[in-house]
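To start, the structure itself, in structure tokens.
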Amino acid sequence: MPHNRIRSRRQPFEVAVLLAAPPCGLLLIVLDVRPPSVTLAMDTPIQVLWETGLIVGGMVGLSGIIWPGRLATGLGIELAAVVLLGTITAMYAVALAAVSGRSGTAAISFIVAVSVGSFWRAGQIVFDLRLLAAASRTTDTAPEIRTELANGEAA
């Protein structure tokens, strides 16, 4: 009897980063301050998109995690957010590397780790969505295939 397990949508590190992103973006906009690496490496419209991406990515990701409806919908929302977050943090890592060079190795490594973690989570979500799709296609024809959901979530 094949057994599929969908990973929990409540990943502690992911939730922590998603919680931190909106206040960071909001503070950058409200206080009108930017890291020197961003100011030097990004044009103003790109800076605004970067700041807005932090806010939107965090809020959308959190809403996907707590989505009360279908699991697949929540995972899709979460997927969009972690891809956005991975892209935004990669942009910052490139800006930091362009400005600081070798002296920014520690900070660049940390920021790249957040980006890699975001894309890793995106891969997990894609895999889980495929499991859900396969389970929904085979439920009628092969009832012995089960998909177990973490935390009592409904497929």
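According to this note's numbering, the stretch in the sequence shown is residues 16 to 170, in order. From the three backbone atoms N, C-alpha and C, an ideal C-beta is built for every residue, glycine too.
task = Could you check what DSSP says for residue 16 in three-state terms: helix, strand or coil?
result = In this prediction, residue 16 scores a pLDDT of 41, lower than 50, which makes its location untrustworthy; the coordinate-derived value is nonetheless stated afterwards. Three-state DSSP puts residue 16 in coil, outside helix and strand.
request  = Give the DSSP-derived three-state secondary structure of residue 62 in the structure shown.
outcome  = helix
ask   = At a cut of 8 Å, does the stretch 31-46 reach the stretch 54-70 through at least three beta carbon pairs?
value = When C-beta atoms of the stretch 31-46 are compared with those of the stretch 54-70, three or more pairs fall below 8 Å, so the two segments count as touching.
query = So, using beta-carbon positions, are residue 105 and residue 130 closer together than 8 Å?
reply = yes
inquiry  = I need the DSSP call for residue 48, collapsed to helix, strand or coil.
reply    = coil
ask   = Any contact of the stretch 131-150 with the stretch 73-91, i.e. 3+ C-beta pairs under 8 Å?
value = Taking a contact to require three or more Cβ pairs closer than 8 Å, the stretch 131-150 and the stretch 73-91 qualify as touching.
ask   = On the premise that residue 100 lies in contact with residue 133, defined as a C-beta separation below 8 Å, what is that separation, rounded to the nearest angstrom?
value = 5 Å
ask   = CA-CA distance, residue 149 and residue 79?
value = 21 Å
inquiry  = If contacts are defined as beta-carbon pairs under 8 Å, then residue 29 and residue 145 qualify, I think. What distance do you get, rounded to the angstrom?
reply    = The pair is not a contact, with the Cβ atoms about 20 Å apart (cut-off 8 Å).
key: Limits of the unbroken alpha helix (DSSP H) element including residue 139   = 120-153 is the extent of the alpha helix (DSSP H) around residue 139.
query = With distances taken from CA atoms, which of 126, 63, 62 is nearest residue 32?
reply = Put simply, of 126, 63, 62 the residue whose alpha carbon is nearest the alpha carbon of residue 32 is 126.
request  = Alpha carbon to alpha carbon, how far is residue 152 from residue 56? Give it in angstroms, no decimals.
outcome  = 48 Å
task = Would you kindly report the start and end of the unbroken alpha helix (DSSP H) that includes residue 91?
result = 86-115
Candidates 47, 118, 124, 97: closest to residue 26 by CA position = Taking only the C-alpha atoms, the option nearest residue 26 is 97.
task = Alpha carbon to alpha carbon, how far is residue 62 from residue 54? Give it in angstroms, no decimals.
result = 8 Å
task = Have a look at 83, 122, 95, 117 and flag the residue whose alpha-carbon is nearest the alpha-carbon of residue 107.
result = Nearest to residue 107 by C-alpha distance, out of 83, 122, 95, 117, is 122.
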